[in-house]
Amino acid sequence: FKRIHVTEDEQQLGFSVSVASDESAAEACGHLTWALRARRGYMATAGQPFCQTAARYLARRGSSDGSAAEASAAAAAATPGPASVSSALQAPAADGEEAQVFSRSESGEAAVAIEMRGGVFHLLAADGNALRLPGLRYADRDAFLSDHKILIALTSDGPLKSYCFRRLSFLLAKHQLHSLLNEFAEGAEQKLVPHRDFYNIRKVDNHIHGASAMNQKHLLRFIKRCLKACPGEKVYVDKSGQLLSLKEIFEAMKITAYDLNIDMLDVHADKHTFQRFDKFNSKYNPLGRNHLREVFLKSDNYIGGRFFAQLLREVMQDLRNSTYQNAELRLSIYGRSSNEWHRLASWAHEHRMLDFGDNVRWIIQVPRLFDVYRRHGQLDNFQTFLDNLFRPLFDATMDPEGHPQLASFLQSVVAFDSVDDESKPESVVFDRDSPEPADWTDADRNPPYAYYLYYMYANLVPLNALRKARGIQPITLRPHCGEAGPVHHLATAFLLADNINHGLLLRKAPVLQYLYYLAQVPMAMSPLSNNSLFLPYSRSPLPDFLARGLCVTLSTDDPLMFHFTKEPLMEEYSIAAQVWKLSNTDMCELARNSVLMSGFPHDVKQRWLGSGYQLEGVPGNDIRHTNLPSIRVAFRYETLLHELDLVTAPPCHHGGGSVSSSNHQQQQRHSSGGGGGSRRVSRSHSLHGGVSGTSPLPGPAMFLP
Numbered sequence: 001f002k003r004i005h006v007t008e009d010e011q012q013l014g015f016s017v018s019v020a021s022d023e024s025a026a027e028a029c030g031h032l033t034w035a036l037r038a039r040r041g042y043m044a045t046a047g048q049p050f051c052q053t054a055a056r057y058l059a060r061r062g063s064s065d066g067s068a069a070e071a072s073a074a075a076a077a078a079t080p081g082p083a084s085v086s087s088a089l090q091a092p093a094a095d096g097e098e099a100q101v102f103s104r105s106e107s108g109e110a111a112v113a114i115e116m117r118g119g120v121f122h123l124l125a126a127d128g129n130a131l132r133l134p135g136l137r138y139a140d141r142d143a144f145l146s147d148h149k150i151l152i153a154l155t156s157d158g159p160l161k162s163y164c165f166r167r168l169s170f171l172l173a174k175h176q177l178h179s180l181l182n183e184f185a186e187g188a189e190q191k192l193v194p195h196r197d198f199y200n201i202r203k204v205d206n207h208i209h210g211a212s213a214m215n216q217k218h219l220l221r222f223i224k225r226c227l228k229a230c231p232g233e234k235v236y237v238d239k240s241g242q243l244l245s246l247k248e249i250f251e252a253m254k255i256t257a258y259d260l261n262i263d264m265l266d267v268h269a270d271k272h273t274f275q276r277f278d279k280f281n282s283k284y285n286p287l288g289r290n291h292l293r294e295v296f297l298k299s300d301n302y303i304g305g306r307f308f309a310q311l312l313r314e315v316m317q318d319l320r321n322s323t324y325q326n327a328e329l330r331l332s333i334y335g336r337s338s339n340e341w342h343r344l345a346s347w348a349h350e351h352r353m354l355d356f357g358d359n360v361r362w363i364i365q366v367p368r369l370f371d372v373y374r375r376h377g378q379l380d381n382f383q384t385f386l387d388n389l390f391r392p393l394f395d396a397t398m399d400p401e402g403h404p405q406l407a408s409f410l411q412s413v414v415a416f417d418s419v420d421d422e423s424k425p426e427s428v429v430f431d432r433d434s435p436e437p438a439d440w441t442d443a444d445r446n447p448p449y450a451y452y453l454y455y456m457y458a459n460l461v462p463l464n465a466l467r468k469a470r471g472i473q474p475i476t477l478r479p480h481c482g483e484a485g486p487v488h489h490l491a492t493a494f495l496l497a498d499n500i501n502h503g504l505l506l507r508k509a510p511v512l513q514y515l516y517y518l519a520q521v522p523m524a525m526s527p528l529s530n531n532s533l534f535l536p537y538s539r540s541p542l543p544d545f546l547a548r549g550l551c552v553t554l555s556t557d558d559p560l561m562f563h564f565t566k567e568p569l570m571e572e573y574s575i576a577a578q579v580w581k582l583s584n585t586d587m588c589e590l591a592r593n594s595v596l597m598s599g600f601p602h603d604v605k606q607r608w609l610g611s612g613y614q615l616e617g618v619p620g621n622d623i624r625h626t627n628l629p630s631i632r633v634a635f636r637y638e639t640l641l642h643e644l645d646l647v648t649a650p651p652c653h654h655g656g657g658s659v660s661s662s663n664h665q666q667q668q669r670h671s672s673g674g675g676g677g678s679r680r681v682s683r684s685h686s687l688h689g690g691v692s693g694t695s696p697l698p699g700p701a702m703f704l705p
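As numbered in the UniProt record's numbering, the sequence shown has no gaps in its residue numbers, which increase by one up to the final residue, 705.
Put into structure tokens, the structure is as follows:
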């Protein structure tokens, strides 16, 4: 296919670039390399995946200016394996190792114990000493705060912002040129693939909440059906303790099944919810009544969540019937009591929610509502919240026979999500003076976003070490982030999260946007949801993010509020294609990204994307499964190689010169693409100068020896 080659040969240009410009760019690249090394270390510590292409490029600098710990992390990250953003399946421990970790003493006690220290669970051997597991290294709060502070400072550094803005502008322009040169060749390549088009390639809805997974017509019909089938069944206990049936609830509202309609249900977002997250939350209440939400959309209620389970089973059956659409449904754990996990697992087993494992995985969303629970006397301190959230997971992982339902349910749980209104002002910041979780008892001050995320991440570190020893896929951190509020939420997620949902504010932060590109941090974006809440559809950054090469996909968020059809994910794709004039190649790229960033197991992804999907570049794309042209994959891969080469090259190599040899070799390797020929574009000013020196930043604090 036709490529765009960029030269920086000063002899060809006829003049020398500015030394000052070179030094500024070299310093910017040093800062970016530091940030990438920091993310690589945090991902390795928690057993979360890191882009192996970026890891290879970082490894060449790790030996010269990184610590021994970082070099070790680089080697681990660069080990061949699934390159997709959730497919870093950990190899099971050796039989002897697992037996040592999970065996029981003669008294019947487990050989592993847990103890919470400073809000983080620590693993102890039977003798009370710290348990050693391969790769286990606990998170350090002070080190994280140091790294976090540096990263936030980098996002406002003037020269670095200018450098990243220029690189992002170049990526956008390069994609536009690529489309002009190769659009027809990409279409021709797709036409040669038998029995494969956009309708029958695998797509995953990576961001969808279980309580709003159905459309409004589906919910209306279900409520009417229940009113006719079991009007006298007692379903709700009011504040006075009186049991009420469905018929009695609706008679109190003076409404019959015949009267019900979509407008009366009032669960769809409209213009009045824009910038009003409080009004949006109220849309979860059918007919504006909270008790109807509890009856129909809760898993823990008087009837054991039976109606909610029936609704979700119908949604999941529709996914199964569609064959090619899949979802990662979110269920809530609030952290108010220690038995929430067991009740949720019991609900899932009683109603056979795990029968749809071929199409559905589960994500646990944790609302950031500690201050509310504290005011109502449900929690004593933040450490109790963390204990309720994580202790059952450690117990079920260490002793699955003693907690069979929860252990089985956790096999289908792939991630944690952190949810709430990001636009709410944070009255405190997370710094070294912040209280320990056991000391955070203030009901008037909710912990900040970074505080929640750090302690969720820190507890996932030992939990995933245990799961690795069991041969179980890690649970990753995939929070809502960047939908609204301060930009530094995105910096927190860059260090701690596997991938994020939304990411709108990256459009205002060129440094973070470029880092998200270099590290290929996945983002599930929901432009229809954003259109009703925070950002008009016409201003969505998704088409620019996709063009630049960020790892983005489309998701529905809340079909109950934002969609009209029985296939909300297809509705999301179709509207995006019409409004932004996306090509069929763009659509297939978005769909492939959704599978890569999902938590479905490695063998499932092999079936959906091809056996070699974990390989880098063109060898990792099987067009017979993805319908994604190899021309597009080669362009994305070669562009990423070039950008990583610019950023991670040793400082003395940041001057002029032609495109790097490694990039050129990759281009030659993929030169068999259709179209032939090339286009050479010269530019009069270097975008990545540099003469000498190293980054002024130390290694990431958490990974210094």
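Backbone N, C-alpha and C fix where the C-beta goes; we use that ideal spot for every residue, glycine too.
Per DSSP, cross-strand counterpart(s) of residue i
i      : result
Asp417 : Gln365
Glu328 : Arg361
Tyr236 : Leu244
Val604 : Answer is none; Val604 lacks a bridge partner.
Asp557 : Ile208
Separation of residue j from residue i, as counted between CA atoms
i      : j      : result
Ser156 : Thr53  : 27 Å
Thr694 : Met597 : Low local confidence applies: a pLDDT of 38 at Thr694 is under 50, so the model's placement there is unreliable, with the coordinate-based value given in what follows. Using only the alpha carbons, I get a separation of about 34 Å.
Arg40  : Thr7   : 30 Å
Met523 : Leu260 : 38 Å
Phe409 : Tyr42  : 27 Å
Ile223 : Ser245 : 13 Å
Phe274 : Leu560 : 16 Å
Glu350 : Arg507 : 45 Å
Met264 : Pro392 : 41 Å
Lys298 : Tyr284 : 11 Å
Lys161 : Ser418 : 28 Å
Asp420 : Pro367 : 6 Å
Asn388 : Arg374 : 14 Å
Pro568 : Lys217 : 12 Å
Ala55  : Val521 : 13 Å
Minimum C-alpha distance to residue i - residue among the options
i      : options                           : result
His342 : Gly304, Phe308 and Ser322         : Gly304
Met214 : Tyr457, Ala469 and Gln317         : Gln317
Asn501 : Phe534, Val235, Ala269 and Arg478 : Arg478
Met116 : Asn359, Phe382 and Tyr334         : Phe382
Ser526 : Pro543, Arg289, Leu386 and Thr33  : Pro543
Pro700 : Ser611, Thr556, Phe198 and Leu495 : Leu495
Gly158 : Lys203, Ala28 and Tyr302          : Ala28
Glu572 : Cys164, Asp205, Leu504 and Val120 : Asp205
Met353 : Cys551, Leu640 and Leu329         : Leu329
Glu426 : Ala450, Thr441 and Ala438         : Ala450
Three-state class that DSSP yields for residue i in the structure shown
i           : result
Lys203      : strand
His480      : strand
Ile500      : strand
Ala524      : strand
Thr626      : helix
Thr441      : coil
Ile208      : strand
Ile475      : coil
Ala309      : helix
Phe222      : helix
Asn321      : helix
Asn388      : helix
Leu227      : helix
Tyr258      : coil
Ile333      : coil
Pro447      : coil
Asn459      : helix
residue 707 : Nothing about residue 707 can be reported from this structure: the residues present for the chain run from 1 to 705 only.
Tyr514      : helix
His404      : The question names His, yet the displayed sequence has Pro at residue 404. In this structure, Pro404 counts as helix in the three-state DSSP scheme.
Pro286      : helix
TODO: Only counting runs of 3 or more residues, tell me where the beta strand (DSSP E) segments fall wholly within the segment 111-197, in order along the chain.
DONE: 112-117 and 120-125
Task: 4 or more residues per run - each alpha helix (DSSP H) lying fully within the segment 568-614 - done: 568-580, 584-596 and 602-609
TODO: Pick out the complete beta strand (DSSP E) segments inside the segment 531-557, 3 residues or longer, and give them in chain order.
DONE: 552-554
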